[in-house]
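Beneath this line is the structure, given in C-alpha cells, with notes to follow.
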Amino acid sequence: MFAHANELPVPHFQLFQAASRVSLNPTSPTMALDEAVARYPTNGHPLWPALARYLARRDTTADRALLENLIQHPEKAGDPELTLGLKYYARGDLVFDDGSEKTLDALCDELGLPRLPYIEDMPPELEVDWDDPD
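This note's numbering numbers the first residue of the sequence shown as 14 and each following residue consecutively.
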C-alpha cells in the first residue's frame with residue numbers, strides 16, 4: 014500500500030512509504046528513506062523514524078534501544094493511543110474474559126518458560142520473481 018502511493022502529505026506515511034520500498038527491495042538506494050527521516054518533524058514522536066528504519070532493515074543500535082524500551086514500557090510513549098498500541102500489539106499483553114490483564118513476561122514466568130524478546134531482527138525479504146508466470 015505505502016510502496017505505491019504517490020504524494021502522501023503525512024510525514025508518517027512518507028516514512029513508511031520509503032521504508033516499504035527499501036524493505037521490499039533491499040538493494041535499492043536508501044536516499045528516499047534518509048530524506049523522509051530528515052523531513053520528519055523534530056517535534057514528532059521518535060518512535061516513527063526508528064520503526065521505519067527497523068522495517069527497512071536499516072535500524073541503528075539507538076533505534077533498537079528506543080523500540081525495545083517503548084515496547085517494554087509503553088506508558089513512556091506519552092500518548093494514550095500509542096501506549097495502547099505498544100501494550101497490546103507490540104508487547105502482546107493479554108486481556109482475559111474477566112477483564113484482567115497479563116503481560117507475556119508474566120505468563121512466561123508463571124509457566125516457567127523463557128521470556129520472549131521484545132523485538133527481533135527483521136527476516137530477510139522473500140526473493141520473488143514477479144515476472145515468472147509460475
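Virtual Cβ for every residue (Gly too), placed ideally from N, Cα, C.
Computed from a prediction, not measured in an experiment: that's the story for all the values here.
| said: Check this for me: beta carbons of Arg66 and Thr55, under 9 Å apart or not? | reply: For the purposes of this step, residue 66 is taken as the residue at position 53 of the sequence shown. For the purposes of this step, residue 55 is taken as the residue at position 42 of the sequence shown. Contact: no.
| request: Report the residue from His58, Arg71, Pro62 whose alpha carbon sits nearest the alpha carbon of Asn38. | output: Here the question's residue 38 lines up with position 25 in the sequence shown. It is Arg71 whose Cα lies nearest to the Cα of Asn38.
| query | Taking C-alpha atoms, which residue in Glu133, Arg34, Thr96 lies nearest to His58? | reply | Working through the sequence shown from its first residue, we reach residue 58 at position 45. Ranking the options by Cα distance to His58, first place goes to Thr96.
| request: Give the DSSP-derived three-state secondary structure of Glu114 in the structure shown. | output: Position 101 of the sequence shown, counting from 1, holds the residue named residue 114. Strand, per DSSP.
| said: Given this structure, state the Cα-to-Cα distance separating Cys121 from Gly91, to the nearest angstrom. | reply: Mapped onto the sequence shown, residue 121 falls at position 108. Mapped onto the sequence shown, residue 91 falls at position 78. Taking the straight line joining both Cα atoms gives about 27 Å.
| query | Terminal residues of the continuous alpha helix (DSSP H) containing Arg34? | reply | Here residue 34 refers to the residue found at position 21 when the sequence shown is read from its first residue. Taken as a continuous stretch (DSSP letters only), the alpha helix (DSSP H) holding Arg34 covers 24-37.
| field | Helix, strand or coil at Leu129 [DSSP, three-state] | value | Here the question's residue 129 lines up with position 116 in the sequence shown. Here Leu129 sits in coil by DSSP.
| task | Measure the C-alpha to C-alpha separation of Glu20 and Trp61 and round it to an integer number of angstroms. | result | Locating residue 20 in the sequence shown gives position 7, where the first residue counts as 1. Locating residue 61 in the sequence shown gives position 48, where the first residue counts as 1. Residue placement at Glu20 is poorly supported in this model, since its pLDDT is 49, which falls under 50; the coordinates still yield a value, given next. Approximately 19 Å between the Cα atoms of the pair.
| Is it right to say Pro87 is buried, meaning 16 or more other beta carbons lie within 10 angstroms of its own, or is it exposed? | Indexing the sequence shown from 1 puts residue 87 at position 74. Looking at its Cβ environment, which holds 16 or more other Cβ atoms inside 10 Å, Pro87 is buried.
| request: Report all residues from its chain with a CB closer than 6 Å to the CB of Lys115; omit the five preceding and five following residues, and keep chain order. | output: For this step, residue 115 is matched to residue 102 along the sequence shown. Only Leu107 meet the Cβ criterion.
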